[in-house]
Structure formats: C-alpha cells, structure tokens
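Position one of the sequence shown corresponds to residue 3 (my numbering), numbered consecutively onward.
Ideal Cβ placement from N, Cα and C applies to all residues, glycine included.
Right, one structure below, let's go through it.
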Amino acid sequence: MVFKKSPLAVDSAAGPCIMRGIPRMLTLLKIRNLALVDELVWELGPGLIGVTGETGAGKSVIVGALKLVLGERADKSLIRTGEDSCTVEAVFELKDPREIHAILEDGGLPPCEDTQLIVRRVIGQSANRQFVNDSPVTLSLLKRLGEHLVDLHGPHDHQSLLSTERQLSMLDAYAGAESAHLAYREAYRSWRSLTAELEDLRHAESASEQEIELLRHQIGEIEAARLTPADEQDLEDRWRRSTNSSRLVENAAAAAAALGGEDGVLSRLADIQRLVRDLEKLDPSIRERTSPLEAAFLELQELENNLAQYAEDLDIDPSEAAALEERVNLLETLKRKYGPTLADVAARRDSAAARLDTIENREDKIESLERAVAERRAALDAAGKALTKLRQKAAPKLAKEIASQLKDLGFKQSSFESPLATLADPGPQGFESVEFQFGPNPGEPSLPLRQIASSGEISRVMLAVKSALADQDDTPLMVFDEIDANVGGEVARAVGRKMAALGMRHQVVAITHFPQVAATASLHFVVEKEVTGGRTRSRLFPVQGETRIQELVRMLGGGGEQARAMAASLLTAAD
C-alpha cells in the first residue's frame, strides 16, 4: 500500500474549517509488510476521516494494524508473503498525557519527553516485540495504554457497551459524578479494610493455648538474645580471629622475622643503603634516583613493628573465645529458625508480639474496631447516598437523550431505559447497578443490550450512546469499522451525521461502504488493490473534488449523470 501525503486542508465539499481547531490524536500510522500492504505511511487529520473502497481491497488491514497497536495478539500469518517480519507504528499526540504517564510509570518507563507517544509492534517469524517510545514493553502494558488511546468498534466489537460495569461508568460520566464516585470508592476501601481486620480479630478468639505458648516462647527466646543486628559483622570478625588465633600469630611472627631477622629484608636493605651513600658521595646528582630507598626502608620497619604488635595483641583468653563461639552459635540458631537474617529474626519477634497482644487484648480491640467500623460505615452511607442521588437524577435524562439519538438513527418508536437496581449490600461501585435496556419495536418489552441479536441494531445503539456521551467520553480517537452495515437510505445518512457530529469533539475514523456516511467526512481516503510485477498490493490515497465525486458515484452503484448529481448532492448536504 502506498500513500500520497494529504494536506490538512479539505476541499469545499468536505466541510468545516473549525475541524482544524480539534487536537489530533493519531497523527501518523506506518504499516510495513502486513498482509497485502507492502508499505503505508498515513498522516491523519482531525475530525471525521472516511475510508472507503471495494470489498477485499484492504480496508480491514487498517483496523488490523490499529488492533496490533492496541495490544491484540498476533501471529506470523499476518506477515506479507516472502518477508521475514511486519511492522506497525503509530504516533499519538496527547492532549493531556497525565493518565498515559501514570501507566508508563507503573510499567517502569519514563514519561513522554513531549506530548508524543510512539507505539511500535514487530511481528516476526519466531518472536513478536512491542515498543513504546523505543522502550520494550509487555503486551499487557500495551493493552492498558490502548484502552486510553482508541475506542474501536466493529460489527462484533461491542463488548464494552454490553458490560454493566461499563454502563455504570457511562452513567457516572454523564452525571458528572466522577468526584462523588472517587469519594465513595475511598470510603468503601476504608470500610472494607477495617471490616476485614475486625473479622480476623474475631477469629483470633479461638486461638489455642498451644499457639499462645508458642508465641510467648518465640518472643522470650528472641528477646533473651538481646539482638543488635548492626554488631553482627563485628561479632563474626572477632569470632573468626579467635578461632584462627594460633595460625594468625604464627604467620604474623614469621613475617616479622623475615623482615627484621639477621638475614632479613631490613638487614639486606641496610647493606644496599651503604652502597647508595657511597654512590651519592661520588655523584650527588644520583640522589633524586635513590631517594625512594630511604622511604622504603622506613615503611618496612613500620611494617615489622606492626606485625610484631599484631602477634602480641592476638593473645586471646580461651574463655573469651568460648563466649564468642557460643554467641555466634546462638545467632546462627535464631537465623535458622526465624531468619535468614537478624533483621528477619527481629521482625518475627515484632509480629509475634503483635499477634499475642491481639489475642490477649482482643476484647478491648474488638470493641474499638466495632466503633471504628460503624463510623466508616456511616461515612460510606453518606458517600453512597450522594452518589445514588446523582445517578437517580441523571439516569432518566441519559435514557431520554439516547432515545432521542436512536430516533435520528431510524428507531422512530423505540424505547431506551437505564433502570437502577439497588444492591443487597454495598458494592465497590456504589449502592446500585444499572443495565441499559432497549426496545426497538413498540408493544414489545425492552431487553438488556446483551440480548440484542442484530449487529445492525446494536451498532446503531452504540452510536447513539456515543453521541449522547460525546462531551463526557475522554477517548479522543474513535474508529468505526463498517458499523453502518445492514442500514441504508435515510438511516445511513443519519449515521453519517452522527459520526460527523462526533468528529467535532473527537478524531473519528469511519470505514464504510455507504456514500451517505463517506460524504460527511472532513477527509476522505480510498483503498484500492492493484497488481504490479506479479504481486498484489493495496494502496491508500486521498480524494478531493472530482475524484471524491467519482468515488461516491462508484459507491452509489455507478452510472451516468444521475449518480453523479446524487454524489454531488450528498456532499452539498454534508457541507
């Protein structure tokens, strides 16, 4: 696939200049040797970006490349025939890099030097690698980053929308309840922590006499040793000297004798000194060369004295040696039982003392903890009620907004509800759950979204939800992969308008077969398949003006001035 660089300006039929003020998220996508793509360098602009082309031309490669960037697993079957590896690289421009920096920090990586984040995947015949800003990363870290970079939706990619936990997050975003939710989660964490501590303490009431006796023995044994971990090395050095004292004395005395004996080193150096003095009398200029001899003689004399003094000081009392050995054996025993270090032994004493204190004073502690748990529960109830109030106020408004969006998308008499269900016990997300329910046909009951079988229906519901939450959704790049399947006519036009509206707040990439959708894009690209040199490859190029009209004519089914007039009218209507 080859690409001609596209200017950020758009043709007159492509739309609003205000798109230029929208911060871009995905600024560059590079693909090399992926499926039918030999090489693609694609610079993206802001707003709604339409990608069209005939079935099988290679549009799916773009989605596949983005999925690789987002951390999807891959195998060597993706590599273009005849090549050793394929590479996908994406450059993201971060408007607010704080969340991304937090994820990078958790993964042991430095933050971005500027607002650019570069993700690269390399798929090889034997191994796959992934990099963020040229640092190797795990696939799990890449997935975490991907959740904050791109929201990708295809005909079967609506798992996040079907998750009740995700639906609750959407409701909280719409309600502006982020701070209330954060306060609740902190209160819940604190309450659960104290509750668990209280339960552990209550279970401690059944502690056996054997456990209590064991704890007392451990504490007494360790305390009796009067541990001083900082002195451990000094003790071991003293014990080692006492154990080897005879050998140390023998070697030190022998070394001193070799230096100062009748035929020792110092005696021979004295002879050398006499010879050097005679040289100096005959030729005083030699003194600069012989001066080190005097210093060497003095240093060796000092060494002899030090060795002799060391041998004398090593006269260790046998009772002192025995005490040292006994002390070392005691510490080694404690380290074997509670170690491996004296610091571990001391920590074991502290934990045993804390456990014994808990058992012996459990009644007072239970009473104190029960009061604390009650206080934390009161704080949790207050935070939960505040969060519930916001949700109860926002839920019908959100349902009404989504229902209105659905009417624009062809569901004229549909119903949409976001009922709250009170939980039996406080949960980590609040006092209630929510499950979006949708009724496409009048007279039929509304069903949870997970029970909707039609991919066309769930795709439009997803688009309606995204449109309703456009201001709250913090994912800057949205990718829609043929979610307009199974719709047509005026509904397809409405889908295009919704995507264009989302493009006012986000960068949106829409891969579509519908001219009504493609006509609303601020930038329009076409994917074509060609055969050169006996090899098939895909290429991507921008269309503007007349070439864009021709592409829309092809999408309309081709044929004469009538189709051309229809294509031009679609662009005019979009403008």
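Selection from the options that minimises the alpha carbon distance to residue i
| i | options | result |
| --- | --- | --- |
| residue 260 | 310, 216 and 276 | 310 |
| residue 388 | 262, 474 and 189 | 189 |
| residue 542 | 339, 420 and 52 | 52 |
| residue 40 | 99, 531 and 571 | 531 |
| residue 292 | 271, 303 and 306 | 271 |
| residue 453 | 391, 201 and 438 | 438 |
| residue 518 | 561, 467, 477 and 574 | 574 |
| residue 34 | 87, 73 and 54 | 87 |
| residue 227 | 290, 409, 426 and 328 | 328 |
| residue 30 | 273, 94, 324 and 555 | 94 |
| residue 108 | 306, 443, 89 and 142 | 142 |
| residue 629 | 558, 290, 163 and 534 | As displayed, the chain neither begins before 3 nor continues past 577, which places residue 629 out of reach and without an answer. |
| residue 2 | 48, 224, 165 and 96 | Summary: the structure shown does not reach residue 2, with the chain confined to residues 3 through 577, and so no result is reported for it. |
| residue 485 | 461, 369 and 474 | 461 |
Inter-residue CB distance, residue i and residue j (contact presumed, cutoff 8 Å)
| i | j | result |
| --- | --- | --- |
| residue 441 | residue 449 | 7 Å |
| residue 167 | residue 431 | 7 Å |
| residue 134 | residue 121 | 6 Å |
| residue 395 | residue 177 | 7 Å |
| residue 193 | residue 378 | 4 Å |
| residue 547 | residue 524 | Not confirmed; about 14 Å, so no contact. |
| residue 407 | residue 502 | 14 Å between Cβ atoms; not a contact. |
| residue 302 | residue 267 | 6 Å |
| residue 358 | residue 184 | 39 Å between Cβ atoms; not a contact. |
| residue 220 | residue 350 | 7 Å |
| residue 553 | residue 57 | So it is not a contact: roughly 15 Å between Cβ atoms. |
| residue 275 | residue 300 | Residue 275 to residue 300, Cβ: 11 Å. No contact. |
| residue 65 | residue 497 | No, residue 65 and residue 497 are not in contact; Cβ-Cβ is about 18 Å, not under 8 Å. |
| residue 540 | residue 60 | 3 Å |
| residue 126 | residue 72 | About 19 Å; that fails the 8 Å criterion. |
| residue 150 | residue 91 | That belief does not hold up - the Cβ atoms of residue 150 and residue 91 are roughly 18 Å apart, past 8 Å. |
Contact under 8 Å by Cβ, residue i with residue j
| i | j | result |
| --- | --- | --- |
| residue 82 | residue 36 | yes |
| residue 38 | residue 538 | yes |
| residue 123 | residue 132 | yes |
| residue 499 | residue 472 | no |
| residue 154 | residue 69 | yes |
| residue 173 | residue 385 | no |
| residue 348 | residue 229 | yes |
| residue 425 | residue 435 | yes |
| residue 27 | residue 478 | yes |
| residue 494 | residue 404 | no |
| residue 46 | residue 522 | no |
| residue 551 | residue 570 | yes |
Bridge partner(s) assigned by DSSP for residue i
| i | result |
| --- | --- |
| residue 377 | None, per the DSSP bridge assignment. |
| residue 526 | 52 |
| residue 155 | 482 |
| residue 537 | 534 |
| residue 89 | 34 and 124 |
| residue 435 | 423 |
| residue 94 | 28 and 119 |
| residue 449 | 440 |
| residue 418 | 440 |
| residue 274 | Per DSSP, none; premise fails for residue 274. |
| residue 45 | 30 |
| residue 81 | 36 |
Reduced DSSP secondary structure (H/G/I, E/B, other) of residue i
| i | result |
| --- | --- |
| residue 23 | Unreliable placement is indicated for residue 23, whose pLDDT of 43 sits below 50; no coordinate value is reported for it. |
| residue 126 | strand |
| residue 204 | helix |
| residue 105 | helix |
| residue 508 | coil |
| residue 165 | coil |
| residue 521 | coil |
| residue 474 | coil |
| residue 17 | Confidence at residue 17 is low in this model, with a pLDDT of 38, below 50, so the placement of that residue is unreliable and no value is reported for it. |
| residue 427 | strand |
| residue 40 | strand |
| residue 132 | strand |
| residue 117 | coil |
| residue 139 | coil |
| residue 111 | coil |
| residue 558 | helix |
| residue 544 | strand |
| residue 328 | helix |
| residue 513 | strand |
| residue 413 | coil |
| residue 343 | coil |
| residue 573 | helix |
Residue i at chain B interface by Cβ criterion, 8 Å
| i | result |
| --- | --- |
| residue 418 | Chain labels in this structure do not include chain B; a single protein chain is all it has. |
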